[in-house]
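Chemist: In terms of my numbering, the sequence shown has 149 at position 149, counting the first letter as 1, and numbering is strictly consecutive.
We put the CB at the ideal spot given by N, CA and C, even for glycine.
If you scroll down you'll find the structure; I have some questions about it.
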Amino acid sequence: MDSIPQFRLQETEIKSLVDELRVKDVNKAGPGQILLDFEGPNMQQKKALKLFKYVDPKLLEKETYRRFAKLTEFFEPQTGIAEKETQAKKKAVDEFIESLLNTTVWRRLYEFLNKKGHPFAKTLDTFRHWIRQLWFAQYSRAKGIPDTSGFEHIFMGEFKKGEVSGMHSWLRFFLLERNASQQLHYLGFSTRRANVMATVKFTWKNNLKPSGSFFIGSSPEFEMAVDTLCFLSSRPRGPCKFELEQCPFSMTSYDLIQKEKLYIGTIYPTAGKMTDTCRRCNMNGTKNCM
1 MDSIPQFRLQ ETEIKSLVDE LRVKDVNKAG PGQILLDFEG PNMQQKKALK
51 LFKYVDPKLL EKETYRRFAK LTEFFEPQTG IAEKETQAKK KAVDEFIESL
101 LNTTVWRRLY EFLNKKGHPF AKTLDTFRHW IRQLWFAQYS RAKGIPDTSG
151 FEHIFMGEFK KGEVSGMHSW LRFFLLERNA SQQLHYLGFS TRRANVMATV
201 KFTWKNNLKP SGSFFIGSSP EFEMAVDTLC FLSSRPRGPC KFELEQCPFS
251 MTSYDLIQKE KLYIGTIYPT AGKMTDTCRR CNMNGTKNCM
């Protein structure tokens, strides 16, 4: 496999499916389950501040959240150091993948890709194989050492040359922020769309992330489903576009080929142009966005 199979979707098809997945995302945060303190754009931090003031513990008890949190135990953030593939890690990955496939979000994604004839979704077993290969198979970012995976880069984050690479996950950000030993310090935002998405600056163990974007409050299954959809359907036309809470976004993704195997390189969201509807959502939260 030296390239992603050609799979062309109309922009309207992507937007419609993301809208549907958003409705089916029953595990996303509800009103009042997440409270944020953005402070100001690119603030000069003079005291310890946290972006997440509160996250409802009940949200973290949901299965995909628990499986995601368990996975954080198994990744080495420093590039250039080989990842350890243990039976415990394999079990945690398998359990996380199964928890995804058991959600209404992923059942709908599989059904859509299967009906569209995507070769990665010929059968559920084929789909499961490719999700593991694309997201969790190891490849190298430094020194030719198998030190990373698509999931690790995008959802866990890595250290490379004094900077944080990847980490486009609000849940990962929160889990690190609440653990003082991880030394994650929020340094302000450059972009925000209500409480749905933000681009923020932060340090993690003295490694700087000058600009990192992530959605907020979406479930792990929703974020990985949208990432997967965009990764499989966006090339060669560039980012895939959709809306959340009537705010436009685009998703940029890159593949990576090593030793004739296909991997996810990176995937990250970008806020689109501020619209009047989106502005009203920014002013009033998301209660008037649906």
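Look at Pro220 and Leu176 and say whether their C-beta atoms are less than 8 Å apart.
Modeler: The residue given as residue 220 occupies position 220 in the sequence shown. The residue given as residue 176 occupies position 176 in the sequence shown. Between Pro220 and Leu176, the gap from beta carbon to beta carbon reaches 8 Å or more.
Chemist: What's the gap between the Cα of Ser165 and the Cα of Phe214?
Modeler: Mapped onto the sequence shown, residue 165 falls at position 165. Mapped onto the sequence shown, residue 214 falls at position 214. Using only the alpha carbons, I get a separation of about 13 Å.
Chemist: Where does Leu292 land, buried or exposed, given buried means 16+ other C-beta within 10 angstroms?
Modeler: For the chain, the structure presents residues 1 to 290; residue 292 sits outside this window and is missing.
Chemist: Quick check: the Cα distance between Pro210 and Leu100, rounded to an integer number of angstroms?
Modeler: As a position in the sequence shown, residue 210 is number 210, starting the count at 1. As a position in the sequence shown, residue 100 is number 100, starting the count at 1. Distance between the alpha carbons of Pro210 and Leu100 is about 31 Å.
Chemist: Helix, strand or coil: which one does DSSP assign to Asp125?
Modeler: Residue numbering aside, residue 125 sits at position 125 when the sequence shown is read from its first letter. Of the three classes helix, strand and coil, the one that applies to Asp125 here is helix, per DSSP.
Chemist: Applying the 10 Å Cβ sphere with the 16-neighbour rule, what's the burial state of Leu17?
Modeler: As a working mapping, residue 17 is identified with position 17 in the sequence shown. With 16 or more Cβ atoms within 10 Å of its Cβ, Leu17 is classed as buried.
Chemist: In the DSSP assignment, find the beta strand (DSSP E) that holds Lys15 and state where it starts and stops.
Modeler: For the purposes of this step, residue 15 is taken as the residue at position 15 of the sequence shown. Not the beta strand (DSSP E): Lys15 falls in the alpha helix (DSSP H), residues 11 to 24.
Chemist: Looking at Leu109: is its Cβ nearer than 8 Å to the Cβ of Ala225?
Modeler: Within the sequence shown, numbered from 1, the residue matching residue 109 stands at position 109. Within the sequence shown, numbered from 1, the residue matching residue 225 stands at position 225. Contact: yes.
Chemist: Taking 6 Å as the limit between beta carbons, can you name the residues of its chain near Lys160, skipping five residues before and five after?
Modeler: Translated into positions along the sequence shown, residue 160 becomes position 160. So the qualifying residues of the chain are Thr79.
Chemist: Can you name the start and end residues of the beta strand (DSSP E) that Ala271 belongs to?
Modeler: Stepping through the sequence shown from its first residue, residue 271 is reached at position 271. That run of the beta strand (DSSP E) goes 261 to 271.
Chemist: According to the Cβ coordinates, are Phe151 and Trp130 closer than 8 Å?
Modeler: Within the sequence shown, the letter at position 151 stands for residue 151. Within the sequence shown, the letter at position 130 stands for residue 130. The answer is no: Cβ separation not under 8 Å.
Chemist: To test your reading of the DSSP string, which unbroken beta strand (DSSP E) runs of 3 or more residues are found completely within the region 205 to 261?
Modeler: 207 to 215, 240 to 244, 247 to 258
Chemist: Just mark Arg178 as buried or exposed, buried being the case when its beta carbon has 16 or more other beta carbons within 10 Å.
Modeler: Locating residue 178 in the sequence shown gives position 178, where the first residue counts as 1. Counting Cβ neighbours within 10 Å, Arg178 comes out exposed, since fewer than 16 surround it.
Chemist: What separation, rounded to the nearest whole angstrom, lies between the Cα atoms of Tyr186 and Phe52?
Modeler: Translated into positions along the sequence shown, residue 186 becomes position 186. Translated into positions along the sequence shown, residue 52 becomes position 52. Distance between the alpha carbons of Tyr186 and Phe52 is about 10 Å.
Chemist: What is the C-beta distance between Pro269 and Gly157, in whole angstroms, given that I count them as a contact (C-beta under 8 Å)?
Modeler: One-based indexing of the sequence shown puts residue 269 at position 269. One-based indexing of the sequence shown puts residue 157 at position 157. Actually they are not in contact, since the Cβ atoms of Pro269 and Gly157 sit about 15 Å apart, beyond 8 Å.
Chemist: Under 8 Å, Cβ to Cβ, is there at least one residue of chain C near Leu256?
Modeler: This model lacks chain C altogether, as it is built from one protein chain only.
Chemist: Need the endpoints of the beta strand (DSSP E) that Glu61 sits in, please.
Modeler: Residue 61 sits at position 61 when you count from the first residue of the sequence shown. Per DSSP, Glu61 belongs to no beta strand (DSSP E) and is neither H nor E.
Chemist: Taking just the CA atoms, how far does Gln183 sit from Thr12?
Modeler: Working through the sequence shown from its first residue, we reach residue 12 at position 12. Working through the sequence shown from its first residue, we reach residue 183 at position 183. Roughly 42 Å separates the two Cα atoms.
Chemist: For Leu35, list the residues DSSP reports as bridge partners.
Modeler: For the purposes of this step, residue 35 is taken as residue 35 along the sequence shown, with counting starting at 1. DSSP output for Leu35 lists Tyr54 as bridge partner(s).
Chemist: Grouping DSSP H, G and I as helix and E and B as strand, with all else coil, what is His185?
Modeler: Counting from 1 along the sequence shown, the entry for residue 185 is found at position 185. Looking at His185 - three-state DSSP - the assignment turns out to be strand.
Chemist: Taking the alpha-carbon positions, what's the Thr266 to Ile154 distance?
Modeler: For the purposes of this step, residue 266 is taken as residue 266 along the sequence shown, with counting starting at 1. For the purposes of this step, residue 154 is taken as residue 154 along the sequence shown, with counting starting at 1. About 6 Å.
Chemist: Using a Cβ distance threshold of 8 Å, determine whether the region 79 to 99 contacts the region 137 to 148, with at least three qualifying pairs required.
Modeler: yes
Chemist: Exposed or buried, which one is Tyr254 when buried takes at least 16 other CB atoms within 10 Å?
Modeler: As a first step, residue 254 must be located in the sequence shown, where it is residue number 254. That one is exposed.
Chemist: Quick check: the Cα distance between Phe249 and Thr72, rounded to an integer number of angstroms?
Modeler: Taking the first residue of the sequence shown as 1, we reach residue 249 at position 249. Taking the first residue of the sequence shown as 1, we reach residue 72 at position 72. Their Cα atoms are separated by approximately 27 Å.
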